[in-house]
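A quick write-up on the structure given underneath.
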Amino acid sequence: MFSDLTAPAPDPLLGLMQTFRDDPSADKVDLGIGIYKDEHGNAPVLATVKQAENWLVETQGSKGYLSSAGNVDYNRLTRELILGQDKGLLARSQAIQTPGGTGALRIAGDFARRLNPGCRVFLPDPTWANHQALLTAAGLEVVRYPYYDIATATLQFDQTLEALRATRPGDLVLFHGCCHNPAGADPDPEQWAAIAEVLAQTGATPFIDLAYLGFGDGLDKDAQGIRILAARLPEMLIASSYSKNFALYRERVGALTLLAKDDVAAARAHGHLLPVVRTNYSMPPDHGAAVVAHILGDATLRAAWEADVAGMRGRINGMRAKLVAALDGRTTRDFGFLGKQRGMFALLGITPADAERLRTEHHVHITSSGRVNVAGLTDGNVGHVANAIAAVCG
Ligand code: PLP
Ligand code: TYF
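The numbering of the sequence shown is our numbering, which starts it at 49 and goes up by one.
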């Protein structure tokens, strides 16, 4: 069965971690995989997480099974964090805890296919590298829609709306809730409202990937697009992740939230999610979600976590401004867009060959698509990175 296998293509993003480790240069800079790093280039465990973990070790009396839906408090707190305090919205929503945002995306894909075997999913171009493979593996037909023009660093909003007019009931349309990976550019509130109008007409369902809540302009502001869609449309799926904003990456902490036309429909849809989970991994791992629920449910810990997120956001936006300043006057290209965009990622608009030169000649590691992780910049390396980009771009 295994003897004739050839080596599969490695994950392009996860492979970058090894390439970086293998670079012996003292000047090497990791702007590859999407992990938030502090001003020293580290990705430490948050103090609030340590505190909640200690509490968990002290108080946990059983490791008995929970349920396919996971931690009930966590699911409620997650819905409230994303949807806000609007009682009407909360009443017609349900959530399940999932193994990371990736687990939520996959459960959503499996669920949609069960309900509609001919389900199509519309993905923005560009999008996170894993979307296409993951949703194809779930048996969905993937259609791409134009989203962002790399050369001009702007949304192709008219083309987006035009493409979304071709959607139909039963289709999913994937959007990044905020801090688009890799583009760094999101619709503004008027554009979200225009998207909602088109989907209201076609009957397609928005499918939100929310992996960077709080990294753009604030926890509530970053959820604004989702709330605009939720107010206008009867149904929605939201795959969210606490990997980044709680720095819980390897603990696999995510959720799938669904919105239905009313509370009865939401409860019924939730019931149909559970067999999808049972036939997959039975139930989600407890630890990370128990930690998040403890922090979000405790006023003091929650305030400390919100301050942590504000600190991460401030550092990212500060490094964006410093990179723009360091590039100013050094290249013929205008990189001002980097300062206006949000989240950890930006596309430099360079060729794979130039991305390769950044690595081999300057030890600046980015993806071959020209994506940089801004959170890998520090005061100590931003000058070197700007020099390297200027040398490669001219
Ligand atoms: N969606 C996007 C856009 C991401 O960038 C990531 C990155 O990790 C994920 C989903 C997956 O998150 P998780 O690690 O929680 O599975
Ligand atoms: O885009 C990134 O770099 C992050 C991290 O299979 C990531 O989203 C990359 C690949 C992957 C899981 C996480």
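All residues carry an ideal CB built from backbone N, CA and C; glycine is no exception.
Rank the options by C-alpha distance to the C-alpha of residue i and give the top, closest one.
i: E87; options: M392, M367 and S416; result: M367
i: S330; options: S288, G166, M392 and T146; result: T146
i: P172; options: A160, A152, A185 and Q204; result: Q204
i: C167; options: A358, A252, A308 and G431; result: A252
i: G82; options: C441, H432 and A423; result: A423
i: L212; options: A181, F170, A185 and L182; result: F170
i: A156; options: M65, I256, Q272 and A438; result: I256
i: A248; options: M284, E106 and A160; result: M284
i: E409; options: L395, H432 and L425; result: H432
i: L222; options: L131, T202, N178 and S73; result: N178
i: D427; options: A374, C226, N123 and D71; result: A374
i: S110; options: D334, T215 and P165; result: D334
i: T126; options: V339, G377 and T379; result: V339
i: T215; options: P254, D206 and Q239; result: P254
i: E210; options: A185, V246 and Q180; result: V246
i: R361; options: R69, E101, Q389 and Q180; result: Q389
Looking only at its own chain, which residues have a Cβ that is under 8 Å from the Cβ of residue i, when we skip the five neighbours before and after it?
i: R313; result: Per the sequence shown, residue 313 should be read as Ala rather than Arg. Cβ within range, chain order: R140.
i: R350; result: I343 and L344
i: P237; result: Q272, G273 and I276
i: A508; result: In the structure as shown, the chain begins at 49 and stops at 442. Residue 508 is therefore absent and cannot be evaluated.
i: L182; result: T150, L153, R154 and G157
i: T184; result: V190
i: D71; result: R407, H411 and H413
Do you know how far the Cα of residue j is from the Cα of residue i?
i: I343; j: D311; result: 27 Å
i: I286; j: R405; result: 38 Å
i: A224; j: D234; result: The sequence shown places His at residue 224, not Ala. Distance between the alpha carbons of H224 and D234 is about 8 Å.
i: P174; j: P194; result: 8 Å
i: T208; j: R154; result: 24 Å
i: D75; j: R363; result: 21 Å
i: T54; j: A271; result: 44 Å
i: G112; j: V120; result: 15 Å
i: G359; j: A341; result: 21 Å
i: C441; j: K85; result: 26 Å
i: E128; j: Y196; result: 30 Å
i: K135; j: H411; result: 51 Å
i: L163; j: E189; result: 14 Å
i: I437; j: V191; result: 33 Å
i: G418; j: A91; result: 23 Å
i: L425; j: F383; result: 16 Å
i: L62; j: G391; result: 20 Å
i: T67; j: Q133; result: 45 Å
i: C226; j: Y260; result: 7 Å
i: P60; j: L296; result: 22 Å
i: G266; j: D346; result: 20 Å
i: T380; j: A439; result: 11 Å
i: L395; j: H228; result: 11 Å
i: L13; j: L138; result: Lying outside 49 to 442, the shown extent of the chain, residue 13 is not represented and no answer is given.
i: Q108; j: R298; result: 21 Å
i: P323; j: Q180; result: 24 Å
Apart from the five residues just before and just after residue i, which ones in its own chain have a Cβ nearer than 7 Å to its Cβ?
i: A244; result: I276, L277, R280 and L281
i: P400; result: S416
i: I414; result: L79, G80, A403, L406 and V420
i: A241; result: I276
i: W103; result: H342
i: L114; result: M331 and D334
i: N123; result: A117, A143, I144, Q145 and A303
i: Q239; result: F205
i: E101; result: V339
i: S73; result: H411
Hey, residue i and residue j: beta-carbon distance below 8 Å or not?
i: R300; j: G148; result: yes
i: G118; j: A337; result: yes
i: L321; j: L307; result: no
i: N293; j: G264; result: no
i: S288; j: L258; result: yes
i: F393; j: G273; result: no
i: L94; j: D356; result: yes
i: G397; j: I144; result: no
i: G33; j: G319; result: Not covered by the structure: residue 33. The range shown for the chain is 49 to 442.
i: A434; j: L371; result: yes
i: N365; j: V77; result: no
i: Q99; j: A317; result: no
i: F50; j: A201; result: no
i: L220; j: A160; result: yes
Residues in the same chain with beta-carbon distance under 6 Å from residue i, minus the five sequence neighbours each way, listed in chain order, please.
i: A369; result: G387
i: A352; result: T96
i: P217; result: G251
i: W176; result: N229
What residues does the ligand TYF have around it, judged by CB closer than 6 Å to any heavy atom, in chain order? Those residues placing their Cβ nearer than 6 Å to any heavy atom of the ligand TYF are, following chain order, D59, L61, L62, I81, G82, W176, N178 and N229.
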